[in-house]
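S.K.: If you're matching positions, the sequence shown starts at -14 in the working numbering and goes up one per residue.
Beta carbons: idealized from backbone N, C-alpha and C, even for Gly.
I'd like to ask you about the structure that follows.
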Amino acid sequence: MDQDTEERFSFQHARTRMVEDQIRRRGVTDSAVLDAFLRIPRHCFVSEQYQPEAYQDHPLPIGYGQTISQPYIVALMTEQVNLQSSDHVLEIGTGSGYQAAILSCLCERVDTIERVTPLANQAERIFKELKITNVHVHVGDGTLGYPPAAPYDAILVTAGAPQVPLPLKEQLKNKGRLILPVGDRWTQVLQIWVREKGDFINESIIPVVFVPLLGKCGWEEKPQ
Ligand code: SAM
């Protein structure tokens, strides 16, 4: 076996273990979601330095003070929004692009918005390399949603918000699902909001730790 093939097999093995030990064992059982985690090569979304850790049970740095989230949290958020293959999804906080790549396996179209331009550009390059064609990357303040492509069947926010940004609720379709961490800058609770015509039903899921959601309807950016 040459070195490339050996590496591919060892990443594949690590990915299968990740799905079994970290995701399925903790209660995420939707087979379409699990298949997406088996298909998407997580090591392609981190720098070479972190590739040996790509399938471990924790977040990893992606530069600019940001992180790729723990695999289980990505899986939990994905399962909770209960996607249909015809759904149109908005993700706030593209980061490495990994969560958007997972979503791309489960729905028709993903729009994802990132405030850090080099991260958005890097994610776009990875989607191209992996031939993922239904993810559309935008640069901007995701606390305002992304009005040109609204409304959405589901919105996932992958950074911690001080409260639910109103524009995101407004950009949900009827029966649409919004999942986001809400709390202070250091710890949050993962919440899901479901639109029922003019009303919303919400539920808290588990405590989580995310980097802050910065922007007009999020946290104020601290001067450096
Ligand atoms: N979903 C990402 C992934 O799969 O790698 C992880 C995202 S990381 C935990 C949070 C991301 O949210 C960071 O890249 C950060 O720059 C971004 N972010 C924070 N505030 C934002 C905002 N107002 N609009 C868009 N992106 C934002």
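1. Is it a yes or a no for the segment 68 to 80 touching the segment 166 to 175, going by three-plus beta-carbon pairs under 8 Å?
2. Can you give, in chain order, each stretch of the beta strand (DSSP E) that sits fully within the segment 143 to 204 and has at least 3 residues?
3. Would you report the Cα separation of T102 and V124, rounded to the nearest angstrom?
4. Are there any heavy atoms of the ligand SAM lying less than 7 Å away from the beta-carbon of Q51, as far as the coordinates show?
5. Should Q69 be labelled buried (16 or more other beta-carbon atoms within 10 Å of its own) or exposed?
6. Which two residues bound the contiguous alpha helix (DSSP H) that contains I87?
7. For V124, which beta-bridge partners are listed by DSSP?
8. Would DSSP call Y49 helix, strand or coil?
9. Assign I164 to buried or exposed, taking buried as 16 or more other Cβ atoms, counted over all protein chains shown, within 10 Å of its Cβ.
10. Which residues share a DSSP beta bridge with V18?
11. Could you tell me the boundaries of the beta strand (DSSP E) in which I77 lies?
12. Could you say which of H43, F22 and G145 lies nearest to A85 if we only look at CA atoms?
13. If you draw a straight line from the C-alpha of R24 to the C-alpha of P136, how long is it?
14. Can you give the Cα-Cα distance for A17 and L88, rounded to whole angstroms?
15. Considering only heavy atoms of the ligand SAM, does any lie closer than 7 Å to the CB of R100?
M.R.: In this structure, then:
1. At 8 Å Cβ cutoff, the stretches do not touch.
2. Taking 3 residues as the minimum length, the beta strand (DSSP E) runs contained wholly in the segment 143 to 204 are 157 to 168, 173 to 181 and 184 to 193, in order along the chain.
3. Working through the sequence shown from its first residue, we reach residue 102 at position 117. Working through the sequence shown from its first residue, we reach residue 124 at position 139. Taking the straight line from one Cα to the other gives about 6 Å.
4. For the purposes of this step, residue 51 is taken as residue 66 along the sequence shown, with counting starting at 1. Yes - the ligand SAM has a heavy atom lying nearer than 7 Å to the Cβ of Q51.
5. For the purposes of this step, residue 69 is taken as residue 84 along the sequence shown, with counting starting at 1. Burial call: exposed.
6. Taking the sequence shown and counting its residues from 1, the one referred to as residue 87 is at position 102. Per DSSP, I87 belongs to the alpha helix (DSSP H) from Y83 to S89.
7. Indexing the sequence shown from 1 puts residue 124 at position 139. V124 pairs with E99.
8. Translated into the one-based positions of the sequence shown, residue 49 becomes position 64. Here Y49 carries a coil assignment [DSSP, helix/strand/coil].
9. The sequence position of residue 164 within the sequence shown is 179, counting from 1. Counting of Cβ neighbours within 10 angstroms places I164 among the buried residues, the total reaching 16 or more.
10. Stepping through the sequence shown from its first residue, residue 18 is reached at position 33. Within the DSSP secondary-structure output, V18 pairs in no beta bridge.
11. Position 92 of the sequence shown, counted from the first residue, corresponds to residue 77. Boundaries of the beta strand (DSSP E) harbouring I77: H73 to I77, taken from the DSSP string.
12. The count along the sequence shown starts at 1 and reaches residue 85 at position 100. Checking every option, the nearest Cα to that of A85 belongs to F22.
13. The residue you call residue 24 lines up with position 39 of the sequence shown. The residue you call residue 136 lines up with position 151 of the sequence shown. Spanning the two alpha carbons is a distance of roughly 28 Å.
14. For the purposes of this step, residue 17 is taken as residue 32 along the sequence shown, with counting starting at 1. For the purposes of this step, residue 88 is taken as residue 103 along the sequence shown, with counting starting at 1. Here the C-alpha atom of A17 lies approximately 11 Å from the C-alpha atom of L88.
15. As a working mapping, residue 100 is identified with position 115 in the sequence shown. Yes; taking the cut-off as 7 Å, the Cβ of R100 has a heavy atom of the ligand SAM nearer than that.
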